[in-house]
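Chains as they are written, first to last, in numbering that gives the first Met the number 0: chain P, 0 to 618; chain D, 0 to 618.
For every residue, glycine included, the Cβ atom is placed at its ideal position computed from N, Cα and C.
Bear in mind that the values here come from a model prediction, so they are computed numbers and not experimental data.
Reading through the C-alpha cells given below for one structure.
There are 2 protein chains.
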Amino acid sequence: MSEPVREAKGASLARWLPLAGWLAHYDRHSLGRDLLAAVIVSVMLVPQALAYALLAGLPAQVGLYASMLPLVLYALFGTSSTLAVGPVAIISLMTASAIAGMSGTDGAALSTPEMLAAALLLAFLSGAMLIAMGLLRLGVLVNFISHPVISGFMTASGILIIASQLGPITGLSLSGGNLIAMGESLSSGAQELHWPTLAIGLGCLTWLILARRHLKHGLMALRMSESAAGMLCKTTPIIAVIVSSLLAWGLSGPLEQGQLVQGEQLEQGKSGMALVGAVPGGLPDLSLPSLVSHDWSGLLISALLISVVGFVESLALAQTLAAQRRQRIDPDKELIALGVSNMGAGVSGGMPISGGLSRSVVNFDAGAATPLAGAFTAIGILLASLWLTDWLAWLPRATLAAIIIVATTSLIDIAAIKRTFRYSKGDGAALMITLAITLAQGVESGIIVGIAVSLGLYLKRTSQPHSALVGRVPGSEHFRNVERHEVETDPELAILRIDESLYFANARYLEDTVLALMAERPSLKHLVLACQAVNLIDASALESLEVINERLSAAGVKLHLSEVKGPVMDRLKCSELPANLGGDIYLSTFDAWQALSIHGSHCGQSCARDGISQTAAVG
Amino acid sequence: MSEPVREAKGASLARWLPLAGWLAHYDRHSLGRDLLAAVIVSVMLVPQALAYALLAGLPAQVGLYASMLPLVLYALFGTSSTLAVGPVAIISLMTASAIAGMSGTDGAALSTPEMLAAALLLAFLSGAMLIAMGLLRLGVLVNFISHPVISGFMTASGILIIASQLGPITGLSLSGGNLIAMGESLSSGAQELHWPTLAIGLGCLTWLILARRHLKHGLMALRMSESAAGMLCKTTPIIAVIVSSLLAWGLSGPLEQGQLVQGEQLEQGKSGMALVGAVPGGLPDLSLPSLVSHDWSGLLISALLISVVGFVESLALAQTLAAQRRQRIDPDKELIALGVSNMGAGVSGGMPISGGLSRSVVNFDAGAATPLAGAFTAIGILLASLWLTDWLAWLPRATLAAIIIVATTSLIDIAAIKRTFRYSKGDGAALMITLAITLAQGVESGIIVGIAVSLGLYLKRTSQPHSALVGRVPGSEHFRNVERHEVETDPELAILRIDESLYFANARYLEDTVLALMAERPSLKHLVLACQAVNLIDASALESLEVINERLSAAGVKLHLSEVKGPVMDRLKCSELPANLGGDIYLSTFDAWQALSIHGSHCGQSCARDGISQTAAVG
C-alpha cells in the first residue's frame, strides 16, 4: 500500500522539479554522453559568453557568471534534455538597449557598476516575471506573437547585431541601439580604421566562415569519421581565440604584460588594439540585486519584453529539438525553469539568459542525454574562469566580434521573408513593418509595434467579414454564392451567408451590408442570415442584430436565421432576440428555403406530385 | 453639355460641404422649423454650457464660447440634420481629467489662464485628429470599442459626474478625477455643509425631477397641447436659473452688487454661496492656441481619447436620430464635421465639444429641419452672452450642479448592465472592468483598459477554438459531433471539424489538439481537417499546418483537408502545403469519407450493388 503513495509523492515532486523524474534512471551511459556534450559546449560557450557580455555593454566576466548558476538551475527545473541556456545574442542586444535607456542618479549616462547593477536587476525582474507567468499558466500568451512578427524581429535583430560588431572589428567607434543611431555615431567626428584590429577581425571572420563551409569535408577527406569531424568543427572559434590572443600578447610590450599580471585594467595593447582586458578570476559574489538604489520601475517593460522574447525563442528551439526525439515540452514548466535560471543569473553577477540556438544544436548533436549536461557545462565554465582568465585578457575584441557575426547570420532568414510575402501580403506587411521598426527604432519598439501590427491585421481581416448572397444548387440541398454558381434565387427572399464570427469589430459592418442590401432590393420580403460559419455572436453583435431586425421590420422585411450552431444558439436563448425576431430560426438553410421561397413551396408540391414525400426531400 | 459639368461640380462640393447639398432646397417652412428649434435649444443650452465649463474646471464663459463658432461650423460640415453639438458632460469630465494631469511651468498646479490655454489646445488637437481620421476614412475604427465597454464607460462617467457635483450642491470641497480621489479630498480637513447652498441645490433638484416627471401631464391636464407642454417642460432648467439667481441677488448686500457691476471677480455672495461670478460679455477673441508655451505633447493621448469618445457618442446619437427620419449618416464626414467644430472651439476660446444627447433630442422633437437650426442656436447663445452676463453672474453654482445631475442620470443604464450579463459573462466582465476602472482610476484609464479588455476577450475566445470530432449521420452526406449524435465512425479515420479561423493566436492550440488526438488513437491512419468554418489561414497557422503535416507523416498518418473555402484555397495554392501534404484536399467531407473510410468504400460497393451509381450518391 505504500508504493502508490511513494509514486504519487514522486510524481508531485517531479511536477515542479523534472529532475526528480529522470535522475532515478540515470546510468553510466547517460553520464558519458552528458560529459562529452558538456566538454564540447563549454569550449564553444567560453568565447560566446564573453562576446555576448560585451555586446550587452557589460564587462566580459558577466557572460561567464551568467553561464554558471543559471545552467545548474535549468538542469533542475527544465523539461528539455538538450536546451543549452546562457547569454544569447538577441537577449544581449535587448539588455544593451534597456540599459542604454536608463540614466544614472545625476541624469548622466550610467557608470559601469551602475550598468552592471541594472543588468542584474533586469535578469532578476525578468526571471520573476517568467515564474509568475508559469505559475499563472500563461505559456499560451506567446501565441499572440505571430510567426511573421517573430521572423521579422529575428532578421532585424541579426542585422542590428552584425552592424553593431562592425565597430569592434574595424576599430571604428560605433554605438546605438538602431541603425540610425549607429550611422550617426559613425559619422560624428573623424574616424580612422585601425589596421591591426581589422586584420585580426577579418582574419578570424575568414577562418570561421571557411572552416564552417569546408573544414568538415576536409577532415573527412583525411579519413576522420564524420561525427568526430563535426565535433572538431565546433571548436574552430576556440582556435581563433587562442591564435589571436597569442598574436595580441606577442604584439604588446613587457610593460603591458606586467600591468595585466597585477590585475590592472588594460583594455588596449601597445598596438592600440582593443582587448577583453583583465577578467577577475574565480566565482561571482552571490547577492540580491538592490531594488532601492535604482529606478527599477523603468526596467519593468524591458524586463517583460526580454522575458517574452527569450521564452518564445527558447520554447520554439526546445520543441523543435524535442520533436526529433519524440519528447514533449511543457510550456508552463519551461517558463518556471527559465524564470528560476534568470533569477539565478540576477543573484550571481550574471545577465539575462535564454536558450541559445547554436549551442543547443551542438549539445543535441553531441548526444546530451539529460539536463545534467548543462550542469556539467557550468562546471566547465567555472574551471575556465578559475584558470584561463589571465589568458583571456589578451583576447582581441575583434575576434569576439567575428565570432558573434558568424553565429548571428543564422538569425537572418531571407527565404522566410519571401515565403511569407508569397503567401499573404498582409502577413508580409506585418513582417516588414516589424523588421523596419526594429532596424530604425531598436528592439523594444520593434517587438511592441510588431505585436500591435499583427493584432491589428487580424482585427482588420475580421472586421470586414466576407459574406455572400447564396442561392440553391438546383435539385440539391446545397446553397452556393450567386456570383460564382448557377443557382436558383427568389426576388422576395435573400439568403446571406456570413463567413465570420460576429463581434464588436464587425457588428456595424454587418448592419451596413444588410441595410445596403435592403435598399437595393425593394421587393424583398424575407432575409435569411445563414450562420454556419458564425462561431460567436458577442453582446455588440447581438445589439446589431436587434437593430437590423428592427429596421427590417419597419420596412416590412422579416429577418430569419438558419444553421445557427449549438453554442451560439444556447447564448442567443439568453437574449430577447429570438422573441423579437420578425421571422424564424431554421435548422438548415434548405428548411428556410422550403418555408419561404416560391420555389421551395413549388418544389414541395411538385415533389408531392412526383410521389416523393416532402419529408424525405428535407431529410 | 455644360449641365452635367455643373452638376458634377455641385456634387463634388457637396461631398465636402454637405450644406451645398440641401441649401438650394431651403424654404420658408424649413426656416420656421429651424428657428423654433433654435429658440428652445438656446434656452436649454445656456445653463448647460455654463455648467459643463465649470465641470471641466474652466471659467463659465468658456461654455458659451464653445457654443457659438463650433455650432456654425457643424452646420456647414455636418451630415446630421438634428445633432446639436456643444459642451457635453463626458467630454467636459475628460477635459477636466486631461488638464488635471498637467503641471505648470514651475511644476505646480496650473493657473486659470494656463488651464484655459490647455483646454483650447485640447480642443484644437482633438479637432485636428478627428479631421485626420476623417480624411484617412478611419470612421470604421470606432467599431473597435465594443458596446459593453461603451456601456460601462458611460455609466461610470455618469456616476463620476454626479459624484463630482455633490461638492457644489452641498458646499463641501470635493475634487478629483475618480471616486477614490474624491473620497480623499472630502475627508481631508474639517468640512461643513453650507446650508443656503444645500437649500438652493436640493430645491432645484426637486423642481427639476418633479417637473420632468409630472409637469407635462399637469400642463396637459390644464388643456395645453401635448407638443406645447413638451416644449415648455424643456424650459424648466431656465426657471430654476432665474429663480435661484434672484434669490442669490436678494441675499447679497449692495456692496457685492456694486463690485460685480464693475466687473470684479466675485465668486461668493455675502451669504458665502458659490456663484458663477462675473462673466465677460460679448464675443470671444479669435486666436490660434499657442503650441510653443505648452508641453502639448502631453495632451496628445488625452486629445485622442476625447476625439474617439466624442465621436463614438455623436455618431451613435446621430445615427439613431437619422434612422427615425430614414436619413443616413456618413461616419467619415461626421469625423470631419466634428473635427472642424472642435478646431473652431480651439480658436474661439472654447473647449472640446461633441454631440449632446438631451439637446439633440429636443432639437429633433422641436422639428429642426436642417443643420441651420444649429447656426441659429449659436446666434441665440451670442445674444445671451451679449445681454445676460450681468445676470448670469448671480447664478448659484448649486443650481448648475442640480441641472448637471438631472441631465446625467440618463447616462446611467443599469438595465443594459443586467442585459449584458445575462447574455454573456465575458461581455459582462468587460463591462464591469471598464466601469470599475473608470470609477477608481478616472475616465482615461477606464476607456483604455476597456478597449484592451474587449480586444483581449475576443482574442481569448478565438485562441482556443472549438473543434469537434465528427462522424457521418447514417445514410446521409452530413457529419455531426460524435459526442452529441449517433454517427458512423472509423477507427482508422478521424475527421476534425475546426470551428474557427486559423491564425497566430490559435495556431499552436491546433497543433496541441492534433498531437493529443494522434497520441490517443494509435490505430489512426487518416486525419481529415474539415474547414467549412475556417475563413482565414494566416502565415502562422500555415506554418502550424506544415508542422502538423510533418509530425503526422513521421507517425505514418496522412493529413487531409476538406471543404476548404475558395479564398482560403486560393491562398494555400501560393504555399508549399498542397504539394507537401501527406494526404489530399477534398471538396466535401463526404468525398473524403467515401475515399478514406472502410464504410465509405463499403457504401460505394453496396450502392453500386443496389443499382444506384456512386456518382449520384456523391452529387
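For L299 (chain D), the closest Cβ of chain P is not nearer than 7 angstroms. Fewer than three beta-carbon pairs drawn from the segment 126 to 133 of chain D and the segment 151 to 166 of chain D are found closer than 8 angstroms, and the two stretches are therefore not classed as touching.
Our two residues, P279 (chain P) and K233 (chain P), have alpha carbons roughly 27 angstroms apart in a direct line. The segment 341 to 390 of chain P is shown to contain whole alpha helix (DSSP H) runs of 4 or more residues at 356 to 364 and 371 to 386, in chain order. With respect to S224 (chain P), L430 (chain P) sits apart: the two C-beta atoms are not nearer than 7 angstroms. DSSP lists P:L560 as the bridge partner or partners of I584 (chain P). Taking 7 angstroms as the cut-off, the beta carbon of I536 (chain D) is found closer than this to the beta carbon of V567 (chain D). Beyond the five residues adjoining it in sequence on each side, P17 (chain P) comes within less than 6 angstroms, by CB distance, of T78 in the same chain, given in chain order.
At a beta-carbon threshold of 7 angstroms, none of the residues of chain P lie near C530 (chain D); the nearest stands roughly 10 angstroms away. The beta-carbon of A428 (chain P) is placed no less than 7 angstroms from the nearest beta-carbon of chain D. The distance from the Cβ of A367 (chain D) to that of D33 (chain D) is about 6 angstroms, consistent with a contact at the 8 angstroms cut-off. By the neighbour-count definition (other C-beta atoms within 10 Å, threshold 16), S522 (chain D) is an exposed residue. Inter-segment contact for the segment 513 to 522 of chain D and the segment 485 to 497 of chain D is present: three or more beta-carbon pairs are separated by less than 8 angstroms. In the DSSP assignment, G470 (chain D) falls within the beta strand (DSSP E) that extends over S466 to R471.
Under the 10 Å beta carbon count, K332 (chain D) is surrounded by 16 or more other beta carbons and is classified as buried. Proximity to G345 (chain P) across P:S596, P:G62, P:K572 and P:V38 peaks at P:G62, based on C-alpha coordinates. In this chain, R496 (chain D) is not harboured by any alpha helix (DSSP H); it is covered by the beta strand (DSSP E) spanning L492 to I497. In this structure, DSSP gives I411 (chain P) a state outside helix and strand, which the three-state scheme calls coil. Here L287 (chain P) is exposed, its C-beta having fewer than 16 other C-beta atoms within 10 Å.
The beta carbon of L391 (chain P) sits closer than 6 angstroms to those of V275 and V278, all from its chain and outside the five residues before and after it, given in chain order.
By the rule that beta-carbons nearer than 7 angstroms mark a contact, N177 (chain D) does not touch chain P.
Counting only Cβ-Cβ distances below 7 angstroms, N534 (chain P) has contacts in chain D at H465, D498, E499 and A532, in chain order.
Proximity of chain P to N142 (chain D) at the Cβ level (cut-off 8 angstroms) is accounted for by S462, F503, A504, N505, A506, R507 and Y508, in chain order. Residue-level contact by beta carbon holds for Y422 (chain P) and chain D, with a gap shorter than 7 angstroms. With respect to chain D, the C-beta atom of C573 (chain P) has a partner C-beta closer than 7 angstroms. As computed with DSSP, D489 (chain D) is found in a beta bridge with D:L492. When the Cα atoms are used, G229 (chain D) and L159 (chain D) turn out to be separated by approximately 29 angstroms. Counting the other CB atoms within 10 Å of its CB gives I404 (chain D) a total of 16 or more, which places it among the buried residues. Counting only the Cα atoms, L558 (chain D) lies some 32 angstroms from L468 (chain P). The Cβ-Cβ distance between T94 (chain P) and A118 (chain P) falls below 7 angstroms. Assignment of L528 (chain P) by DSSP, reduced to helix, strand and coil, places it in the strand class. The shortest C-alpha to C-alpha distance from F589 (chain D) to any of D:L456, D:C530 and D:R550 is the one to D:C530. Around the beta carbon of E482 (chain D), fewer than 16 other beta carbons sit within 10 angstroms, so the residue counts as exposed.
Here G100 (chain D) carries a coil assignment [DSSP, helix/strand/coil]. DSSP, reduced to helix, strand and coil, places G85 (chain P) within a strand of the structure shown. P:G338 is the residue among P:L320, P:A88, P:G338 and P:C203 whose C-alpha sits nearest the C-alpha of L135 (chain P).
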